[in-house]
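In order, the protein sequences belong to chains A and B.
The first sequence runs 1 to 305 under the working numbering.
The second sequence runs 306 to 684 under the working numbering.
This report concerns only the one structure given below.
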Amino acid sequence: MHSARPLRRFALTACAVTLIALLALPASVFAKDPQRKPKRLSSVGDSITEAINAEEFNPFVFITPNHWASWANGYRGFWEWLLGRTNVDSHNQRITSKYGSSGRKNYMEALSGADSFDLGPQMTASVSHAADYVTVFMGHNDVCQNSFADIPTDAEFEANVRAGFERLRTGLPNGATVYTAGIVDIYKLWQLGPQLSGALGISCEVIWAATLLEIYPCSTMLSPTNSEADRQYTRSRNAAFNAILEELVAEYDAADTHHYWEFTDLTSTTNFVPSEVSPFDCFHPSAKGQKRLAAETWGAGPFGN
Amino acid sequence: MNPSGPAKLGRCPIPSTARSHGAALPSRLLPLGVAVAHFVALPFPALAEDAGAARTPLATVNGRTLYVDEVEGALAFRIFQHELDIYSLLAAEAERRIEAEVLADAARARGLSVEALLAELEGGARGDASAVSGASPAEIDRYLAEHPPAPGADPAAVRERVAQYLTERARLDRRIAGLAALREAAGARVLLAAPVAPRTDFEIGASPTRGPASAPVSIVHFASLGSRAGARSAENLMRLVAERPGEIRWTHVHLLAERDEAGLYAARLAVAAHEAGRFWPFHDAVVAARLGPAESFDAKRLDAIAAQAGLPARAIREAGTEGGRLAAVKADIDRANAAGIPREPGLFVNGLFVSGLLPYEELRELVRRETRAASESPR
């Protein structure tokens, strides 16, 4: 009996110390719900996620979705086998390889031409699909505008992203993961134009001149009337938006105990080479470029290891 | 100064005579030609040593050595695409190093840090980047007059965006001009030359071909018989052949578009037509139908065209069965992919790749140049 007192005192002290330590920790360290397997994939994004003109091009449509070649949702079926299409080994394919095909869903909310103002509707669709893995690759069309006056301010871009993230935070099932990729440095894509021109039976300059008629997007980078300072300005907006994305993801991951939020800047720091750019529009990633995006983002992402 | 001119990425050059079909020396005879030339010029032991040193062995089979130059002609366009990637990486790295070195040298010469030098460049004549003022209301008005905002846009937000753009652009203009001046003073420039598009020695094999074997221009047409783009490209070739009789040898290779059901069925029928010696009548009838008024272009219609082109009914039935002629179509697609053709319609004109969407006038000019070159080259 006498010997039990020090033991009781020790136990009480240990409990008190543990309690204080737990209270002192940020909520995210101990209170995250178990992470769900990424069986239900939902991609939010724009023409890059739609793999526009990546490997196939219809000259009568001009903007040709190549969904099989999407870094996020890409797949392989009879036509891809027959035509010898590039196996991009997308997130969708890698999820099936790693976690099996049972319960798999592959939703593409991404739409060509979408920008941060479309995050709300696309993320609402992700919520309605009860996604447990949402990829976000958006902002290229915020930077790529018909006029410099159309590029959103930092405050506008942040408000759009925050509103979209709120929909995910309040609507996704607990344990879901949101993986945001930085906007591609579109200046680097523009730089490759002269190397592609004349080499592959196309003239990038002629294609890009269509921006003057607003037939082709991204006048703020591709217009032949742009000065180098114009392009550098657009690039600086690109970098500013990426900084906002990274900060917001960190903020949500720290505060949201029910979901996992990750960001990668690999997409924005990638130095593309000519074969990784569409030979049809000299701008979007080619299937080979999509394959690289898939490999790098998966490797750096929440389910890569 | 670079005394040897622009540096080039290395690859065994393919003599142009080996690449152009028709009047040119067939590529498989090229090694023999090279060997004969050496035999004439050198004593026999030297021939063996020199030939071995000059050629890169690729593989050996049954004691026979396969050399790189024996296969790279067929892969020339794909190899070129890789060379372009290497060139791009090197050129980008060269630009990065030039800028870093130019800035470091200039900063050292002025006793400044690189950051201080950049601030000086951005500050322009005043030399103080922080003193740069924002765009004036008049400048913003002028920009908006030239670039009217989208209807419904918030005027205050638009003015804020334009002000940011004009202010930043002014700063960037000064930085770019300053850097350009430093580069010029340093004599900085990239010496590496971009690789030149090659001629591919595409193996025609048993593909359907028309036009004289001695024609100075060989055109390989990679196209779908189901696509309008492929039909337009074929129409251009028909026009060329009519305008320049005897000058063109035309080979067709099947290449389809994604989910091109009509193209796949037409290709199966075309394989059957080729076996029956009726490929070109079928080909021309399909192209004419595809260019005609937009109407259903399905299996039923293609069957009717095949029958009119003289295909036996049994061959038509077989083409429609599961797997019928699919392997032959797939083999064509694989050959096109192996040659690096990015999409249909595409062309090799004497081994030079051009898009099948090339305007007719440009295609005709290319063929004229090739014909002229063939007539001027020694036979």
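We put the beta carbon where it would ideally sit given N, CA and C, even for glycine.
Collapsing the DSSP output to three states places Gly289/A in a helix. Residues of the same chain with a CB within less than 7 Å of the CB of Ser268/A, apart from the 5 flanking positions on each side, are Gly182, Ile183, Val184, Asp185, Asn242 in chain order. Going by C-alpha positions, Leu561/B is about 8 Å away from Leu530/B. Boundaries of the alpha helix (DSSP H) around Phe587/B: 584 to 596. Within the same chain, Cβ atoms closer than 7 Å to the Cβ of Ile445/B are found at Arg464, Val467, Ala468, Leu471, the five residues on either side in sequence being excluded. Nearest Cα to Ile481/B within the set Asp230/A, Trp190/A, Glu158/A, Asn141/A: Asp230/A. Assigned with DSSP and collapsed to three states, Trp555/B falls in strand. For Tyr233/A, the C-beta contacts it makes with chain B under 7 Å involve Tyr470, Glu473, Arg474, Leu477, in order along the chain. Rounded to the nearest angstrom, the gap between the Cα atoms of Ala475/B and Gly439/B is 9 Å.
By the rule that beta-carbons nearer than 8 Å mark a contact, Trp190/A does not touch chain B. The segment 485 to 557 of chain B contains, as complete alpha helix (DSSP H) runs of 4+ residues, the segments 533 to 548 (chain order). Exposure of Phe78/A is indicated by the presence of fewer than 16 other C-beta atoms within 10 angstroms of its C-beta.
Taking a cut-off of 8 Å on C-beta distances, the segment 658 to 672 of chain B does not touch the segment 65 to 73 of chain A, as fewer than three cross pairs fall below it. In terms of CA proximity to Ser116/A, Phe137/A leads the group Phe137/A, Pro224/A, Pro274/A, Ile48/A. In chain order, Ala534, Leu662 make up the part of chain B whose C-beta sits under 8 Å from the C-beta of Pro59/A. By the rule that beta-carbons nearer than 8 Å mark a contact, Ser147/A touches chain B. Rounded to the nearest whole angstrom, the CA to CA distance from Pro586/B to Ala518/B is 20 Å.
Of the residues assessed, Leu607/B falls on the buried side of the cut-off, its CB having 16 or more other CB atoms within 10 angstroms. Between the segment 514 to 528 of chain B and the segment 666 to 680 of chain B there are three or more C-beta pairs closer than 8 Å, enough to call the two in contact. Here Ile151/A has Gln145, Arg237 as same chain residues with Cβ atoms under 6 Å from its own Cβ, once five neighbours each way along the sequence are excluded. Pairing Ile215/A with His258/A, the inter-Cα distance amounts to about 44 Å. Counting the other Cβ atoms within 10 Å of the Cβ of Phe165/A gives 16 or more, which makes it buried. Non-local beta-carbon contacts of Pro503/B in its own chain, meaning distances under 6 Å to residues more than five positions away in sequence, involve Ala381, Phe385 in chain order. Asp374/B is a Cβ neighbour of Arg360/B, given a cutoff of 8 Å. Glu375/B carries a helical assignment under DSSP once its states are collapsed to helix, strand and coil.
At least one beta carbon of chain B lies nearer than 8 Å to the beta carbon of Pro274/A.
Near chain B, meaning a CB-to-CB distance below 7 Å, the residues of the segment 69 to 95 of chain A are Trp79, Leu82, Leu83, Gly84. Using a CB distance cut-off of 8 Å, Ser236/A counts as an interface residue toward chain B.
DSSP, reduced to helix, strand and coil, places Thr86/A outside both helices and strands of the structure shown, so it counts as coil.
Looking at the backbone, the Cα of Asp154/A and that of Asn160/A are separated by about 10 Å. Among the bridge pairs identified by DSSP, Ala364/B is matched with Leu371/B. Under DSSP, Thr177/A forms a beta bridge with Tyr133/A, Tyr260/A.
Bounds of the beta strand (DSSP E) holding Met108/A are 105 to 108.
Along the segment 42 to 90 of chain A, the alpha helix (DSSP H) occurs as fully enclosed runs of 4 or more residues at 78 to 82, listed in sequence order.
Pairwise C-beta distances place the segment 185 to 194 of chain A out of contact with the segment 108 to 126 of chain A, as fewer than three of them are shorter than 8 Å. Straight-line measurement puts the Cα of Asp281/A at about 11 Å from the Cα of Leu189/A.
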